[in-house]
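In my numbering, the protein residues as written are 312 to 636.
Glycine residues also receive a C-beta, built at the ideal position from the N, C-alpha and C atoms.
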């Protein structure tokens with residue numbers, strides 16, 4: 312993932328469903344965009360200074376433009392309202408990334424994709440890639456109504472009979488437990504959507520296919536019941552030191568502050584967003600030390616590598632951490 316920012320100009324706007332608008336973004340100079348794989352997202356710095364994350368849902372083979380989709384949330388954190396109200400053809404936005412902790416792993420006998428609402432955005436790119444590669448795939452797409460479900464026509468063209476649409480006002484809720492029970496051995500589950508959907512799906516997948524079969528991208532921090540053991544109760548917070556290798560300084564992180572809090576005191580422009588360990592904006596490379604991971608992004612395998620962390624929530628298990636910051 313690149314830590315550099317770059318400008319993008321809005322070259323297309325389209326209403327994909329009630330409340331969902333897609334934006335096509337391209338470099339102002341026509342140059343090629345950074346490469347990405349399905350599941351990736353970019354950080355978008357809005358004109359107000361807010362930083363928000365949006366999944367890429369275009370074709371990874373086309374590096375002349377990115378496409379992302381934004382659900383208008385009047386009771387959200389402000390980013391979607393700003394884009395819906397202010398984005399116009401020619402608007403310049405600053406981006407960083409792409410980053411990807413939700414990539415497709417090869418080797419599964421079957422792929423079950425599950426999307427709830429705007430969670431379709433990363434799943435759409437995955438579906439396109441898997442179907443193009445001829446992989447055994449099923450996509451279950453849930454929404455409140457067909458009118459609110461974005462990209463339905465595109466998905467029907469990509470998936471054909473492998474697409475199961477569940478507009479709740481027409482069909483009720485999808486029976487996700489049955490989907491898991493009917494999945495063949497060797498199925499990998501990839502899901503994005505509301506926390507209730509992910510929590511229930513994770514529990515069912517873990518019980519039937521094993522914890523390693525479940526992969527998810529979340530819009531909010533996981534609840535303890537739905538964390539699948541991934542976010543254990545942390546030890547009591549204690550003070551520790553961090554060395555910021557690039558900055559050339561050593562700082563103390565007191566029990567009542569996060570690493571991010573301390574970093575922002577010396578580098579107010581350090582990019583962050585959710586401050587809850589689910590968006591990935593504050594990802595920082597670990598050079599030395601041992602991390603106590605408290606995010607809901609990294610898998611157990613990724614945590615074991617001890618080479619990256621999300622400094623808004625994670626801490627140090629040892630008296631000192633050395634970070635590439």
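Own chain residues within Cβ distance below 7 angstroms of residue i, not counting five before or after
{"i": "residue 330", "result": "382, 383 and 459"}
{"i": "residue 365", "result": "352, 353, 355, 379 and 381"}
{"i": "residue 564", "result": "550, 551, 553, 570 and 573"}
{"i": "residue 359", "result": "393"}
Residue i: first and last residue of the uninterrupted beta strand (DSSP E) it sits in
{"i": "residue 599", "result": "594-599"}
{"i": "residue 348", "result": "Per DSSP, residue 348 belongs to no beta strand (DSSP E) and is neither H nor E."}
{"i": "residue 469", "result": "No beta strand (DSSP E) holds residue 469; the alpha helix (DSSP H) holding it covers 463-470."}
{"i": "residue 299", "result": "A query on residue 299 cannot be resolved here, the shown segment of the chain reaching from 312 to 636 and no further."}
{"i": "residue 395", "result": "Note, residue 395: premise wrong, no beta strand (DSSP E); alpha helix (DSSP H) at 390-397."}
{"i": "residue 429", "result": "First-last for residue 429: undefined, no H or E at that position."}
Reference residue i, options the options, closest by Cα
{"i": "residue 432", "options": "322, 548, 368 and 406", "result": "368"}
{"i": "residue 556", "options": "505, 596 and 585", "result": "596"}
{"i": "residue 487", "options": "480, 401, 502 and 569", "result": "502"}
{"i": "residue 428", "options": "421, 461, 324 and 412", "result": "461"}
{"i": "residue 584", "options": "624, 615 and 612", "result": "624"}
{"i": "residue 505", "options": "391, 425, 359 and 374", "result": "425"}
{"i": "residue 435", "options": "482, 337, 411 and 467", "result": "467"}
{"i": "residue 419", "options": "495, 590, 317 and 513", "result": "495"}
{"i": "residue 497", "options": "510, 477, 523 and 514", "result": "523"}
{"i": "residue 511", "options": "417, 493 and 485", "result": "485"}
{"i": "residue 480", "options": "589, 521 and 456", "result": "456"}
Residue span of the alpha helix (DSSP H) that contains residue i, given as start and end
{"i": "residue 355", "result": "Not the alpha helix (DSSP H): residue 355 falls in the beta strand (DSSP E), residues 352-356."}
{"i": "residue 609", "result": "Counting along the chain, residue 609 falls outside any alpha helix (DSSP H), and DSSP gives it neither H nor E."}
{"i": "residue 571", "result": "570-577"}
Nearest-angstrom Cα separation, counted from residue j out to residue i
{"i": "residue 560", "j": "residue 554", "result": "6 angstroms"}
{"i": "residue 562", "j": "residue 348", "result": "36 angstroms"}
{"i": "residue 405", "j": "residue 376", "result": "14 angstroms"}
{"i": "residue 606", "j": "residue 443", "result": "33 angstroms"}
{"i": "residue 472", "j": "residue 423", "result": "14 angstroms"}
{"i": "residue 333", "j": "residue 391", "result": "11 angstroms"}
{"i": "residue 483", "j": "residue 464", "result": "21 angstroms"}
{"i": "residue 542", "j": "residue 609", "result": "Caution applies to residue 542, whose pLDDT of 47 falls short of 50 and renders its modelled position unreliable; the value that the coordinates give is listed next. Using only the alpha carbons, I get a separation of about 10 angstroms."}
{"i": "residue 318", "j": "residue 340", "result": "10 angstroms"}
{"i": "residue 611", "j": "residue 619", "result": "13 angstroms"}
Beta-carbon contacts of residue i that lie in its chain and below 6 angstroms, excluding the five residues immediately before and after
{"i": "residue 538", "result": "At residue 538, the pLDDT of 43 sits below 50, so the modelled position is not reliable and the matter cannot be decided from this model."}
{"i": "residue 475", "result": "451"}
Residues that residue i bridges to, as DSSP identifies them
{"i": "residue 561", "result": "554"}
{"i": "residue 332", "result": "326 and 381"}
{"i": "residue 602", "result": "627"}
{"i": "residue 337", "result": "320"}
{"i": "residue 527", "result": "502"}
{"i": "residue 423", "result": "449 and 500"}
Sequence-distant residues of the same chain with beta carbon closer than 8 angstroms to residue i, five excluded per side
{"i": "residue 558", "result": "577, 578 and 636"}
{"i": "residue 400", "result": "321, 322, 323 and 324"}
{"i": "residue 630", "result": "551 and 552"}
{"i": "residue 416", "result": "499 and 526"}
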